[in-house]
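Below is one structure, written out as structure tokens; the observations come after it.
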Amino acid sequence: MKRTFSESLCELPDLRSEVLKLLAQVPVGQVTTYGDLARALGDEKTASARWLGAFFKDHDHQHGCTCHRVVRSNGEIGMYVTGDPNEKAGLLKKDGVMLTGLGNVDLACRFSDFHSVKPLKQLKEFQFTLAKRRQRKSQELTPRTFAGVDCAYRDDGNAVGAYVELDSETLAVTFEESVVAPVEFPYIPGFLSFREMPVLLLLLDKVRRRRDLADIIFVDGNGILHPRRAGIATCLGVLINRPTLGIGKSLLCGSVDTKRMRAGDIRPVYDNGELIGNALKTKNQSKPIFASPGNLISLEEATLFAKATMTKHRTPEPIFYADRFTKQLRKN
DNA sequence: GCGACAG
DNA sequence: ATCTTGTCGC
């Protein structure tokens with residue numbers, strides 16, 4: 020039996036070292052692309068290609084590093100760590116890679132036969148198992164307390180996690196807690212939970228040592244409004260076996276008609292014919308937010324609680340307060 | 001030019 | 001998420 024929430028999360032892969040292992044497989048005279056590396060990581064939709072670009076831009080570049088062999092899928096050389104693309108072109112030429120007159124590489128020498136454990140594919144499988152463990156029904160008890168959780172990032176590699184509890188009737192803040200914890204996993208669309216859950220689980224462990232968790236926990240991020248129905252609100256809710264609800268501020272997947280939406284309106288979000296969330300608006304002029312069930316809650320209730328807590332701000336009060344607390348703590 | 005992906 | 005000043009509106 021697990022003692023703490025933190026212990027319930029599996030060990031996460033070190034994506035940076037996995038990428039370097041893949042790079043080492045690209046032979047002299049050949050190149051690969053950001054998309055190819057993404058697929059080699061087990062990310063078929065190449066959602067991680069952007070992160071790969073950012074990673075190479077400021078990785079620990081040593082003499083002899085072969086990161087110049089990663090180019091764009093359209094043949095463009097792309098950026099280089101040193102900031103000088105010509106240097107990258109020169110190294111490719113020295114490698115024996117054919118360059119066109121416009122300075123593009125000939126992708127005939129493209130290498131993509133990688134040997135990999137496909138860490139992102141493994142994490143996707145984990146998401147599917149968590150999605151399967153999600154409980155759709157609630158306990159049908161009127162919640163007395165709501166809580167919001169959120170993270171803010173500091174430039175020292177740590178994140179600040181904040182938990183703010185509110186009275187469900189008055190929406191007055193009744194309790195606050197926070198933690199500072201290291202963050203190693205990058206932000207990749209569809210994999211947000213692996214970046215923020217370690218912080219949030221520590222935070223909830225800390226809260227639990229002082230009091231019972233709130234009846235409903237609002238999470239900054241989606242629940243089942245996710246390509247694998249495993250957004251951070253769902254993953255977190257399943258791991259702690261508590262009711263959670265996801266609040267997204269932009270649409271991750273699916274489609275919804277938000278034309279001429281007015282305050283109080285509710286619009287369904289569908290993905291492949293499946294109803295996975297609702298768009299809601301606080302004010303006519305503000306952009307909508309997207310509510311979806313995390314765990315132990317129905318879409319109807321998740322939407323109801325989100326709407327009931329949307330008063331003076333764009334997001335539900337628990338999310339607004341957690342977000343503000345988190346940014347306030349980041350300074351101190 | 002198209003498509004565009006939580007935080 | 002983060003980088004950022006003043007400014008428009010309730």
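Read in order, the letters of the first sequence correspond to residues 20 to 351 in the working numbering.
Here a beta-carbon is modelled for each residue, glycine too, at the ideal position from N, C-alpha and C.
When T330, V218, P262 and T277 are compared against S311, the one with the closest alpha-carbon: P262
Inter-residue CB distance, V238 and A252 (contact presumed, cutoff 8 Å): 4 Å
Member of C254, T328 and T51 whose CA lies at the smallest distance from the CA of C361: Missing from the structure shown is residue 361; the chain here goes from 20 to 351 and no further.
V183 - partner residues in DSSP beta bridges: G167 and E195
Terminal residues of the alpha helix (DSSP H) in which I243 lies: That residue, I243, is in no alpha helix (DSSP H); it is neither H nor E in DSSP.
DSSP state of P287 mapped onto helix, strand, coil: strand
Nearest-angstrom Cα separation, counted from R58 out to C128: 18 Å
C-alpha distance - G115 paired with K64, whole-angstrom precision: 31 Å
Beta-carbon proximity list for G54, same chain, < 7 Å, skipping 5 on both sides: T65, A68 and S92
Where the beta strand (DSSP E) containing L299 begins and where it ends: E293 to L299
Cβ neighbours of A233 in the same chain (closer than 7 Å, five flanking residues each side left out): T164, F165, A166 and E184
Cβ-based burial, S157 [other Cβ within 10 Å; buried from 16]: buried
Boundaries (first-last residue) of the beta strand (DSSP E) holding T263: T263 to G267
Sufficient close CB pairs (3 or more, under 8 Å) joining the stretch 144-160 to the stretch 79-91: no
Segment contact flag, the stretch 307-322 with the stretch 216-232, C-beta cutoff 8 Å, min 3 pairs: no
Extent of the continuous beta strand (DSSP E) to which S311 belongs: I308 to N314
Cα-Cα separation, D103 to I96: 11 Å
Closest Cα partner of N291 within the set G273, I207 and I266: G273
At least 3 beta-carbon pairs within less than 8 Å: the stretch 193-207 vs the stretch 298-317: no
Contact check, F309 vs G256, beta carbons under 9 Å: no
Supposed contact pair K112 and L118 - C-beta distance, whole angstroms, cut 8 Å: 6 Å
Continuous alpha helix (DSSP H) stretch holding Y53: start and end: Y53 to A59
Rounded C-alpha distance that separates G242 from A108: 44 Å
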